[in-house]
Amino acid sequence: MVDIPFDPVAGIPPAEVGEVELYHPRSWWTRYVFSQDAKVIAVQYSITAMSIGMVALVLSWLMRLQLGFPGTFSFIDANQYLQFITMHGMIMVIYLLTALFLGGFGNYLIPLMVGARDMVFPYVNMLSYWVYLLAVLVLAATFFVPGGPTGAGWTLYPPQAILSGTPGQDWGIVLMLASLILFIIGFTMGGLNYVVTVLQARTRGMTLMRLPLTVWGIFTATVMALLAFPALFVASVMLLLDRLLGTSFFMPTLVEMGQLTKYGGGSPILFQHLFWFFGHPEVYIVALPAFGIISDLISTHARKNIFGYRMMVWAIVAIGALSFVVWAHHMYVSGMHPYFGFFFATTTLIIAIPTAIKVYNWVLTLWRGDIHLTVPMLFALGFIVTFVNGGLTGLFLGNVVVDVPLSDTMFVVAHFHMVMGIAPIMAVFGGIYHWYPKVTGRMLNDVVGKFHFWVTFIGAYAVFFPMHYLGLLGMPRRYHDIGETSFVPASAHDLNAFMSVAALIVGFAQLVFLFNLVWSLFKGKDAGGNPWGATSLEWQTPETPPGHGNWGKELPIVYRWAYDYSVPGAVRDFVPQNEPPSGVAAQGAHP
Amino acid sequence: MAVALILLLVAIASVLFHVYSPWWWTPIASNWRYIDDTINLTFWITGAVFCAVIVFMAYCVFRFHHKEGRRAAYNPENKKLEWWLSIGTAVGVVAMLAPGLVVWHQFVTVPADATEVEVVGQQWMWSYRLPGKDGRLGTSDARNISSENPLGLNPDDPNGQDDVVVQNEDLHLPVGKPVKVLLRSIDVLHDFYVPEFRAKMDMIPGSVTYYWLTPTRTGTFDVLCAELCGVAHAQMRSKVIVEEEKEYHAWLEKQQTFAALSSQRDVAKAAYKTGSE
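As structure tokens, this is what we get:
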């Protein structure tokens, strides 16, 4: 089956230039706070993202309380409900998932996995984190300003986002837009770093086709983010100008509370195009790193090479490219020209093919493997179930005419939570359980981890699988209370209550996870350098946690791809990427 | 084994939930049962794929679970298998996309004999306008909006004088007649959503959007707003009453035209003026 001739020394050019002197911290402050070390920045990014993520978790509890038991909680009204959904969505998509995958996992794993000492622009990398922190603080500040945070929905559609019928019209929306602008500035600094590091700082022998899929996922997602975020950036600036200076980029002639406004001539649809030109790639910006992480988790914990590596790489690249020509499938009922529907439905369903290939290759990797049901592996299995489920419902919503009855209903909410909420978070958890030993030198507690997995997986599935059927029923999204209707039976309210209880339980399981993170830091089992027996470079560092500069005196040299597991004839069931080809290992090695 | 079993149970429970769930779409009241058919087709195809993937995964976990002495196979790729799977997926995609696009073509092709009805959304109520005897709606512009002319109709357009204006009341439609619903908003985005009709479309200030349908059964149906439009979004309700043509005309007779409404207001204004002088 190996149809590529193997030449272990190919792709290992002699070192042409000497190493650049690394920046060395001189004080506690520059070592741990204003650090330029990508590993410290990664931890800073992760802690900040998870902290603001906790706010989003609490908001989701409040929303579920309202939906499950409408009218019971007097402290939640329509205004607040809209503010909750807006902040929950924005935090989860941008400030948690994007920041955690790229700023957290990206910063930690890219230099280690490609065999570099650090990111290529450490100072810019540090700035990236501090600007991100500022963006998070501005976002959090909206909870405390007069009028509270904006309740425009995370899509922030004008005109309502900046008119007085929407909560947070005064301060909330202005700070939200300012925070987004800051986030994008911060991300761009980090993102350029990740891309240049992957392209320029790979160690000798680390060809592109030997990169672990995690790096491929994060790299492609970063390139996409660098191309997509500018659309959100200009949309935010223009909307801010409309709100503060009275320009009319997105504002046609319209009436506000019975009074004709001074706006005129703008186009609300233009905002939607800009937003989704960012927003759709954003889905894959979150998904591709998850794809990569899951590929590596499955391969490592099934002790088997990832099936169809080259196809996996091309699928990532194809998905990345195609995701820029599907954005208007979020706008089938927006009132854009209906003929666009033909084009965007076709492109959207085509993207299902490379995505399906990835799923097939994951499950085919399990076939004839040696499956260790560790916590990371469990999360990978959970990822596949939720991702397949959410991906398949995407085929409903992508097929333009099927989208017409389902758009703006709970079906959409269920779909995107399954595919870009639960599934990527499964990848985040799997990744944390997998790499925590490298970051801290200690294992996370296994029993607590398994409890965390089962409650999260079964609980989240119980929340979001039935939710599709409320959408089929016709229940619209963004309603704090469905009220009296002729088409929603009383049993649907019971279902809502059930989902709310499940959501509360899932939320509490996350507190257990946080406890595990802290407890294991001090009491966890000693991990050693390579507890999973993994092949990729980050597990081959001379110290654990890796020291400043990652590799001691000499950079590693890479002789093989990252998936030499269970190579026939080899003594151990894994061959690290930097193991020279002498001896038995050579015979099975794949490029 | 527990893990494999639970994965299998997730697949089985999902299928059982789908089959036995009492929560399903409301009985249709328009000609768009093709949309429902396409959804059903999509359920069959995606459901089969979902079950196949999960069952295969559960089997792998069951069969290749780590035991002392087990060693994984080494097979980097299998071009043939990968191509067959890709082709199979492509066939499945075409099977869903092709009927979808055919139905979409019907959805965007308005029949020539469709009568026009205008729905106007504003925070947070619905208004309706039907063409008068001339069968044509007059033009409108947000700049014309005033307390006397809340929908912003053009007072100088002769086509608009006999338009029937329905405010704060239910919309009536005759059964079996194709209708082109023109959608307009005077403030923010709204979306005219009647679950039984299956169709929906956003309304955008500054443009007129549309969709068409033929009501197929009589009854009273809820109108909801499906595009977030501010704090009272959930309370923006109305009703559509689909009835036999005779009853519809009886209702239509009782409605007031734009001209009548404006002249009433003029009379009222004049009376107010003379009274105050």
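As you go down the protein sequences, you meet chains A and B in turn.
Positions in the first sequence are counted from 1; adding 47 to them yields this note's numbering.
Positions in the second sequence are counted from 1; adding 553 to them yields this note's numbering.
All C-beta atoms in this analysis are idealised placements derived from N, C-alpha and C, irrespective of residue type, glycine included.
A quick note: this is a predicted structure, and the numbers were derived from the prediction, not measured.
Any C-beta of chain A under 9 angstroms from that of residue i
i	result
Ile840 (chain B)	Any question about residue 840 (chain B) goes unanswered here, given that chain B covers just 554 to 830.
Phe811 (chain B)	no
Lys799 (chain B)	no
Asn628 (chain B)	yes
Met678 (chain B)	no
Pro758 (chain B)	yes
Tyr746 (chain B)	yes
Glu830 (chain B)	Reliability of the predicted coordinates at Glu830 (chain B) is poor, the pLDDT of 45 falling under 50, and no value is obtained from them.
His725 (chain B)	no
Ser567 (chain B)	yes
Lys753 (chain B)	yes
Ser815 (chain B)	no
Listed by chain order, chain E residues near residue i by CB distance under 7 angstroms
i	result
His462 (chain A)	Absent from the structure is chain E; the protein chains it does hold are A and B.
Proximity winner among the options, relative to residue i (alpha-carbon distances)
i	options	result
Pro484 (chain A)	A:Ala581, A:Ser211, A:Val167, A:His377	A:Ala581
Trp414 (chain A)	A:Ala362, A:Ile353, A:Val360, A:Tyr386	A:Ile353
Leu156 (chain A)	A:Gln216, A:Val167, A:Phe116, A:Ala89	A:Ala89
Ala582 (chain B)	B:Gly685, B:Glu749, B:Arg623, B:Thr662	B:Glu749
Thr532 (chain A)	B:Ser791, B:Arg818, B:Leu814, B:Trp804	B:Ser791
Val776 (chain B)	B:Ile794, B:Val761, B:Gly783, B:Gly759	B:Ile794
Leu180 (chain A)	A:Asp165, A:Leu147, A:Val192	A:Leu147
Tyr610 (chain A)	A:Leu584, A:Leu246, A:Thr591, A:His71	A:Leu584
Gly488 (chain A)	A:Tyr480, A:Phe512, A:Ala427	A:Tyr480
Leu229 (chain A)	A:Leu174, A:Ser211, A:Gly215, A:Leu260	A:Leu174
Val460 (chain A)	A:Arg111, A:Val281, A:Gly65, A:Trp608	A:Arg111
Gly607 (chain A)	A:Phe371, A:Val622, A:Phe387	It should be pointed out that residue 607 (chain A) corresponds to Arg in this sequence rather than to Gly. Taking only the C-alpha atoms, the option nearest Arg607 (chain A) is A:Val622.
Leu814 (chain B)	B:Val563, B:Ile588, B:Gln714	B:Gln714
Val185 (chain A)	A:Leu227, A:Phe168, A:Pro214	A:Leu227
Ser283 (chain A)	A:Tyr204, A:Ile123, A:Ile552, A:Thr308	A:Tyr204
Ala625 (chain B)	A:Trp579, A:Trp586, A:Arg350	A:Arg350
Pro385 (chain A)	A:Val451, A:Val406, A:Leu335	A:Val451
Gly237 (chain A)	A:Phe276, A:Ser211, A:Ile209	A:Phe276
CB contact below 9 angstroms: residue i versus chain B
i	result
Phe389 (chain A)	yes
Val112 (chain A)	The sequence given here places Leu at residue 112 (chain A); Val does not occur at that position. It does not; no Cβ of chain B falls within 9 angstroms.
Met48 (chain A)	Summary for Met48 (chain A): the model assigns pLDDT 41, below 50, so the residue's position carries little reliability; its value from the coordinates is reported in the next sentence. Taking Cβ atoms only, chain B reaches closer than 9 angstroms to Met48 (chain A), which makes this a yes.
Ser121 (chain A)	no
Ala282 (chain A)	no
Arg415 (chain A)	yes
Phe191 (chain A)	no
Pro52 (chain A)	Here the model assigns Pro52 (chain A) a pLDDT of 49, short of 50, so the residue's position is not dependable and the matter cannot be decided.
His320 (chain A)	no
Val631 (chain A)	In this prediction, Val631 (chain A) has a pLDDT of 43, which is less than 50 and means its spatial position is unreliable; nothing more can be read from the coordinates.
Ser547 (chain A)	no
Residue i to residue j span [Cα, whole Å]
i	j	result
Leu279 (chain A)	Phe324 (chain A)	8 angstroms
Ala779 (chain B)	Val670 (chain B)	19 angstroms
Val572 (chain B)	Phe596 (chain B)	11 angstroms
Gly530 (chain A)	Met522 (chain A)	11 angstroms
Ala695 (chain B)	Thr300 (chain A)	6 angstroms
Phe555 (chain A)	Val608 (chain B)	30 angstroms
Leu291 (chain A)	His527 (chain A)	29 angstroms
Trp657 (chain B)	Leu369 (chain A)	22 angstroms
Phe774 (chain B)	Phe615 (chain B)	51 angstroms
Phe318 (chain A)	Phe297 (chain A)	6 angstroms
Leu246 (chain A)	Val605 (chain A)	16 angstroms
Val80 (chain A)	Leu568 (chain A)	19 angstroms
Tyr92 (chain A)	Trp263 (chain A)	20 angstroms
Ala427 (chain A)	Leu542 (chain A)	28 angstroms
Ile51 (chain A)	Tyr407 (chain A)	Summary for Ile51 (chain A): the model assigns pLDDT 49, below 50, so the residue's position carries little reliability, and this model does not support an answer.
### Message
Is it the case that the segment 559 to 575 of chain A contacts the segment 132 to 144 of chain A, given that we only count it when at least three CB pairs across the two stretches are under 8 angstroms?
### Response
no
Residues from the segment 351 to 364 of chain A in contact with chain B, defined by Cβ distance under 9 angstroms:
Lys351, Asn352, Ile353, Phe354, Gly355, Tyr356, Arg357, Met358
Do the segment 164 to 182 of chain A and the segment 198 to 216 of chain A touch if we need at least three Cβ pairs shorter than 8 angstroms? no
* Below 7 angstroms between beta carbons is the criterion; list the residues of the segment 624 to 648 of chain B that meet it against any residue of chain A, in chain order. => Arg624, Ala625, Ala626, Tyr627, Asn628, Pro629, Glu630, Asn631, Glu635, Leu638, Ser639, Thr642, Ala643, Val646
Three or more C-beta pairs under 8 angstroms: does that hold for the segment 389 to 399 of chain A against the segment 626 to 640 of chain B? no
Three CB pairs or more closer than 8 angstroms across the segment 674 to 689 of chain B and the segment 704 to 713 of chain B
yes
Does the count of Cβ pairs from the segment 503 to 521 of chain A and the segment 586 to 593 of chain A closer than 8 angstroms reach three? no
- Task: Report the residues of the segment 373 to 387 of chain A with a CB closer than 8 angstroms to any CB of chain B, ordered along the chain.
- Result: Val380, Ser381, Gly382, Pro385, Tyr386
Report task. Mind checking the segment 678 to 709 of chain B against chain A and listing, in chain order, the residues whose C-beta falls within less than 7 angstroms of any C-beta there? Result -> Ala695, Arg696, Ile698
Item checked: Validate contact between the segment 736 to 744 of chain B and the segment 638 to 652 of chain B using beta carbons, cut 8 angstroms, 3 pairs -> no
* Segment contact, 8 angstroms Cβ cut-off, at least three pairs: the segment 261 to 279 of chain A with the segment 322 to 337 of chain A -> yes
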